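Here's the structure, in structure tokens; my notes come after.
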Amino acid sequence: MADTTIVGASGYLGGELLRILVNHPRIGRIIPISRRYAGKPVSSLHRNLYKIFDKNFEDLNLEKIDSDVIFFAAPLGDWFKSISKLLERGIKVITLGGKFRIQDAELDREVYGGYENEELLKERVYGLPELYRDEIRTSRFVTNPGCYPVSVILAIFPLIKFKDKLDLKRIVVNSISGTSGAGASPSEFLHHPETCDTVKPYNITFHRHMPEMEFILGEKFRTELTVSFIPSVVNMSRGIMSYITIFAKEIEIDLSKHFNNFYKKEPFVRVLREEKENIPTLGSVIGTNFCDIGINYDTKAGRILILSAVDNLIKGGSGQAVQNMNLMLGFDEKSGLGLVGGHP
Ligand SMILES: NC(=O)c1ccc[n+]([C@@H]2O[C@H](COP(=O)([O-])OP(=O)(O)OC[C@H]3O[C@@H](n4cnc5c(N)ncnc54)[C@H](OP(=O)(O)O)[C@@H]3O)[C@@H](O)[C@H]2O)c1
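340 is the number that this note's numbering gives to position 338 of the sequence shown; each next residue is one higher, with no gaps.
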């Protein structure tokens, strides 16, 4: 059994971490940290946990933490300076925010600013098991991927075999996301009357997940690539659907068969295989750790069109973090993650 601490347990990802970990067969003590709600019952905020997890939030005091793993489900803050000390004390660290996802000090500084620690940056492993499983298994410090990048990177990665046929300088990605992607703090941009009957594109020339996609795919494809990325918020609470276009010279093989083979051993990537068009359904992944992918080839336009669906709070956040924790602790990778979506 392992003990865990969740910093940011009052937030959306923190809440989902709690929901997953309370049913995890290998997890003992869970310490929920919240600075604002310390001393108050967790279920007074996360009402879904009433009579399931009857503990109070505890205040942030990292020097006193005694756990096997600590999740930082919080935006960048002073806690980041404590990571080295936590690691020295034998505590494994998983961060869910953006800092250090990009293993290039200059680019990381440009995108996320804040603290610098080259040694720690060198040590961190990008927490996407489908690309870095072996490294995650032996790591003490994992940075969980961004929610949009999970949907996009998993959808493009199998094309590595055909990289010479692809126009990697003109990858086009449009994604729609639910409003929970921005966290639990209220904002004018996401105020209900402003979002309920509309689609809101935002950060259309630069979103901070763009360099992350380019960096990680570039590292794997061993070449520079360019992603044009337009995210939009739509009137739903959770879920991301990414629409990816890659221009390509003719590829003769059956791409959905190739994707299926590529991911056949992956427990959380499901590749669709319909007769006509492969279109994933958001409802099938909401509340689950799955990424559902549909790949299509439009011969007339010479483009590969991939659709990829994830729950931003699970495979795009807390489920991914638990999958990483399972690997880091030598547990079954699927432990606690047997979540299935609903229908309709
Ligand atoms: N929402 C998503 O879909 C998603 C997906 C992937 C990654 N992320 C990233 O994951 C992180 C958490 O996201 P979220 O959506 O759960 O955010 P959230 O709902 O706003 O919750 C974050 C929590 O972190 C705590 N916090 C804030 N600043 C802190 C600090 N300096 N030190 C310690 N705790 C602090 C707050 O709790 P108290 O004030 O109560 O302590 C807050 O409730 C963010 O960096 C976000 O970018 C989000």
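Heads up, the beta-carbon is just placed ideally off N, CA and C, and yes, glycines get one too. Predicted, not measured: the structure shown is a model, and the values here were computed from it.
| Query | Result |
| --- | --- |
| Stretch pair the segment 112 to 130 + the segment 274 to 289: three plus CB contacts closer than 8 Å | no |
| Run of the beta strand (DSSP E) containing Lys94, from where it starts to where it stops | 94 to 97 |
| Three-way DSSP call (helix, strand, coil) for Gly13 in this model | coil |
| Validate contact between the segment 55 to 75 and the segment 90 to 97 using beta carbons, cut 8 Å, 3 pairs | yes |
| Test item: CB-CB of Gly99 and Gly318 under 9 Å | no |
| Within 9 Å, strictly: CB atoms of Val201 and Val154 | no |
| Asp110 Cβ short of 8 Å to ligand 1 heavy atom set | no |
| Span separating the alpha-carbon of Leu347 from that of Tyr265 | Since the first residue shown for the chain is 3 and the last is 346, residue 347 is missing from the structure and cannot be characterised. |
| Cβ-Cβ distance between Ile22 and Asp5 below 9 Å | no |
| Cβ contact check for the segment 254 to 262 and the segment 187 to 205: 3 or more pairs under 8 Å | no |
| CB contact flag (Ser310, Ile246, <9 Å) | yes |
| Beta-carbon contacts of Pro268 that lie in its chain and below 6 Å, excluding the five residues immediately before and after | Contrary to the premise, residue 268 reads as Glu rather than Pro in this sequence. Taken in chain order, the residues that qualify are Glu132. |
| Touching by the beta-carbon criterion (3+ pairs, under 8 Å), the segment 52 to 70 and the segment 109 to 116 | no |
| Proximal residues to Asn298 (C-beta, below 7 Å), its chain only, five neighbours per side dropped | Glu279, Asn280, Leu307 |
| Under 9 Å between C-beta atoms of Ile35 and Val9 | yes |
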